[in-house]
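Engineer: Here it is, the structure in full.
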Amino acid sequence: MSAPSFDKKASSWLEIDLSALAANYNLFKDRTGSACETAAVIKADGYGLGVDKVLATLENQNCPFYYVATLEEALHVRSLTKKPVAVFGGLYPECEDAYIHENIIPVLNSLEQTKRWQAAAANHDIPLPAIIHFDTGMNRLGLDEKETKKLHEDSSILDGLNIFYMLTHFACSDEKDHPMNDGQLEKFLQVTSPFSNIKKSLANSSGILRKDEYHLDQVRPGIGLYGGNPLPEAKNPMAAVVRLFGRILQVRTVNQSCTAGYGATYRFDKESRLATVALGYADGFLRSLSSNDNRCAHVYYQGTACPIIGRVSMDAIIIDISHLDKMPHEGEAVEILGPHQSVDDLAVAAGTIGYEILTDLGQRYRRYYI
Ligand SMILES: *Cc1c(COP(=O)(O)O)cnc(C)c1O
Numbered sequence: 578m579s580a581p582s583f584d585k586k587a588s589s590w591l592e593i594d595l596s597a598l599a600a601n602y603n604l605f606k607d608r609t610g611s612a613c614e615t616a617a618v619i620k621a622d623g624y625g626l627g628v629d630k631v632l633a634t635l636e637n638q639n640c641p642f643y644y645v646a647t648l649e650e651a652l653h654v655r656s657l658t659k660k661p662v663a664v665f666g667g668l669y670p671e672c673e674d675a676y677i678h679e680n681i682i683p684v685l686n687s688l689e690q691t692k693r694w695q696a697a698a699a700n701h702d703i704p705l706p707a708i709i710h711f712d713t714g715m716n717r718l719g720l721d722e723k724e725t726k727k728l729h730e731d732s733s734i735l736d737g738l739n740i741f742y743m744l745t746h747f748a749c750s751d752e753k754d755h756p757m758n759d760g761q762l763e764k765f766l767q768v769t770s771p772f773s774n775i776k777k778s779l780a781n782s783s784g785i786l787r788k789d790e791y792h793l794d795q796v797r798p799g800i801g802l803y804g805g806n807p808l809p810e811a812k813n814p815m816a817a818v819v820r821l822f823g824r825i826l827q828v829r830t831v832n833q834s835c836t837a838g839y840g841a842t843y844r845f846d847k848e849s850r851l852a853t854v855a856l857g858y859a860d861g862f863l864r865s866l867s868s869n870d871n872r873c874a875h876v877y878y879q880g881t882a883c884p885i886i887g888r889v890s891m892d893a894i895i896i897d898i899s900h901l902d903k904m905p906h907e908g909e910a911v912e913i914l915g916p917h918q919s920v921d922d923l924a925v926a927a928g929t930i931g932y933e934i935l936t937d938l939g940q941r942y943r944r945y946y947i
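Residue numbers (my numbering): 578 to 947.
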């Protein structure tokens, strides 16, 4: 695919395909069936893609429920939708009124938070919405075993609260057949067994696609909505949402024994042709994509892979174009993410995961929503 002819003033640009996002939401929805609610996780600015546009797209698909990470993200999302919005980060101390006034649901991660929320409910003389998070193995957030035991012994701890869901989160759902997956399901069913009338939420994107048993009453997909592959060992079932192009700033020929880039880390063994492309680590094009003796990442010129040479700098990368039949011109585009290189491919080259590639996508990129 050749790059579209967008504004010549844009140095590098993102195309975000909102119809692909909608299709991915519907893939999860179809997979889980009508008895299960398909919420959407739109934290971190909609995984870096722009939460306003992401939310508007999901609203058109009638998404019934949203999760974010922080209170401030929730306050922003609240200004855009009337649907329930819940905060994974919990109930922040001395912020109870902010949640109440804006009708934001805290994911209560401890009995201390539960107590504060209950006191707020008593003060205002209204039942307050809440989600209870049980830790079943992540040891990151949620009620631990001791707190869970206390809750089992005294369910009045939940009096005055309107519990929308009880939830837990997979630690290893991206790994096929990891024993923790079934182990966490079992533990979650056990800790929630005294609350048979309260709905349960477990699965992220990977969990949804692994086993129907994990769906329960609500699923919480994130990465798959944005095109990341929830099943790393298999072909990606999600539609690609992001394409990224960079503009060629200059082309040049170098002699044998020249070096390229900061630190002169790359030395040429023959005369070579190079192009300098307008994106760098300030754009979230990770510095770990610099070449070294063991690996080198690529970008694509009209479908042909061109290796990145030397270090990624703040605003530019250098690529080797010696092998191209047709020499590119200044101002032409190369594909960084697109049909030849997925978010997950680039993540592997950078030694990271697709989540980090997406959430690092820079604010300097011109963004086109299509
Ligand atoms: C981020 C997050 C999700 C979404 O996970 P994906 O792997 O992106 O689908 C779901 N639940 C919790 C608690 C999360 O923090």
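Here a beta-carbon is modelled for each residue, glycine too, at the ideal position from N, C-alpha and C.
(1) Roughly how many angstroms lie between the CA atoms of I785 and G625, to the nearest whole one?
(2) Among residues of its own chain, excluding the 5 on either side of N758, which ones have a beta-carbon nearer than 7 Å to its beta-carbon?
(3) Just tell me which of T936, A882, L826, T881 has its CA closest to the CA of S589.
(4) How many angstroms separate the CA atom of A837 from the CA atom of L598?
(5) On the three-state DSSP scale, how would you describe S782?
(6) Using three-state DSSP, classify G623 as helix, strand or coil.
(7) So, are the CB atoms of R844 and V828 less than 8 Å apart?
(8) Just grab the DSSP bridge partners of E614 for me.
(9) With three or more C-beta pairs closer than 8 Å as the rule, is the stretch 682 to 692 touching the stretch 704 to 717?
(10) Can you name the residues that DSSP bridges to H875?
(11) What do you reckon, is the C-beta of F665 under 7 Å from a heavy atom of ligand 1?
(12) Any idea if A867 is buried or exposed, counting beta-carbon neighbours within 10 angstroms, 16 or more meaning buried?
(13) Kindly give me the distance between the Cβ atoms of A621 and A651, rounded to whole angstroms, as I take these residues to be in contact under 8 Å.
(14) Within its chain, find whatever has a CB closer than 7 Å to the CB of L802; leave out the 5 residues flanking it on each side and keep chain order.
(15) Starting from R995, follow the alpha helix (DSSP H) in both directions and report where the run begins and ends.
Structural biologist: Reading from the atomic positions:
(1) 22 Å
(2) F747, C749, S750, R787
(3) L826
(4) 39 Å
(5) helix
(6) helix
(7) no
(8) Q795
(9) yes
(10) P884
(11) yes
(12) Here residue 867 turns out to be Ser, not Ala, going by the sequence shown. S867 should be labelled buried.
(13) Not confirmed; about 13 Å, so no contact.
(14) L598, N601, Y602, A617
(15) With the chain covering 578 to 947 only, the question about residue 995 has no answer from this structure.
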